[in-house]
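The next block holds one structure in the form of structure tokens; read it before the comments.
In my numbering, the protein residues as written are 2 to 198.
Below is the structure:
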């Protein structure tokens with residue numbers, strides 16, 4: 002068997018029992034991953050083209066479908082100590098099938114990485130107009146995310162422990178401050194402001 006570098010986070014092998022992390026730390030990091038800018042973009046899009054009830058139902062159904070699949074795969078991965086790529090290879094997809102699964106996931110992640118870099122760049126440019134061009138903000142954001150990921154799970158965990166609580170406070174404050182300026186009943190019953198989705 003090939004030697005595994007100590008910093009590769011078991012990319013090509015089973016995670017040993019002593020190297021497994023407690024569930025809470027993984028849950029915090031997972032929350033940080035799913036509460037990304039893309040989710041706010043999705044919420045804004047649904048909210049613009051659907052009534053509150055329709056948007057909430059669409060979001061709920063989509064989330065349930067994805068989470069059921071992710072929970073099943075996550076449970077198997079946790080029990081076996083395998084990541085998604087190794088699970089795909091060793092559960093019937095084979096090397097070629099696992100490569101295709103990895104390619105599909107990789108293309109999706111590259112796309113969302115680009116979208117989040119662009120949203121972050123536009124937001125920073127709006128907060129600090131003229132400081133840097135938008136393309137440079139996007140490049141810097143992409144490099145910062147890449148640097149964090151280069152440190153593996155521990156680097157992402159360290160960042161999640163700081164940013165997730167701050168993020169929850171910021172989102173809570175923005176929701177409360179925005180809802181305090183509007184009648185909640187009207188928001189829940191008003192028609193979609195844009196073309197119906």
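For every residue, glycine included, the Cβ atom is placed at its ideal position computed from N, Cα and C.
Under the assumption that residue 156 contacts residue 118 (Cβ atoms under 8 Å), give the Cβ distance between them as a whole number of angstroms. The Cβ separation is near 18 Å, so there is no contact.
Between the alpha carbons of residue 184 and residue 191, how many angstroms are there, rounded? Using only the alpha carbons, I get a separation of about 11 Å.
Would you tell me roughly how many angstroms separate the C-alpha atoms of residue 4 and residue 21, rounded to the nearest one? Legend: pLDDT at residue 4 = 49, less than 50; position of this residue unreliable, value from coordinates given subsequently. About 19 Å.
Should residue 17 be labelled buried (16 or more other beta-carbon atoms within 10 Å of its own) or exposed? Taking every protein chain shown into account, the CB of residue 17 has fewer than 16 other CB atoms within 10 angstroms, so this residue is exposed.
According to DSSP, is residue 10 helix, strand or coil? The answer is coil: DSSP assigns residue 10 none of H, G, I, E or B.
In this structure, does DSSP put residue 65 in helix, strand or coil? Secondary structure of residue 65 (DSSP, three-state): helix.
Please return the same chain residues whose Cβ sits closer than 8 Å to the Cβ of residue 74, not counting the five positions on each side in sequence. Closer than 8 Å at Cβ, skipping near neighbours: 85, 88.
Contact between the segment 33-42 and the segment 157-173 is defined here as three or more beta-carbon pairs at a separation below 8 Å; is this criterion met? Three or more Cβ pairs drawn from the segment 33-42 and the segment 157-173 lie within less than 8 Å of each other, which places the two stretches in contact.
Count the C-beta pairs between the segment 138-152 and the segment 109-128 that are closer than 8 Å, then say yes if the count reaches three, no if not. Touching, per the Cβ criterion.
Would you give the residue range spanned by the alpha helix (DSSP H) that residue 162 belongs to? It spans 153-180 - the alpha helix (DSSP H) in which residue 162 sits, taken as one unbroken run.
Just to confirm my understanding: we take residue 39, look at its own chain, exclude 5 residues before and 5 after, and list those with CB closer than 7 Å. What are they? Here the set comprises 113, 116, 117.
Sequence ranges, alpha helix (DSSP H) only - wholly within the segment 64-121, length at least 4: Correct list: 85-89.
Tell me whether the beta-carbon of residue 49 lies closer than 7 Å to the beta-carbon of residue 166. Contact flag unset, no.
For residue 51, is the classification buried or exposed, using 16 other Cβ atoms within 10 angstroms of its Cβ as the cut-off for buried? Per the 10 Å Cβ criterion, buried.
Alpha carbons only, please: which of 146, 198, 15 is nearest the one belonging to residue 79? Closest option to residue 79, Cα to Cα, is 15.
Would you mind sorting residue 42 into buried or exposed? The rule is 16 or more other CB atoms within 10 Å of its CB. Exposed is the call here.
What are the boundary residues of the alpha helix (DSSP H) that includes residue 52? Here residue 52 belongs to no alpha helix (DSSP H), and DSSP marks it neither H nor E.
Would you tell me roughly how many angstroms separate the C-alpha atoms of residue 104 and residue 98, rounded to the nearest one? The straight-line gap from Cα to Cα measures roughly 10 Å.
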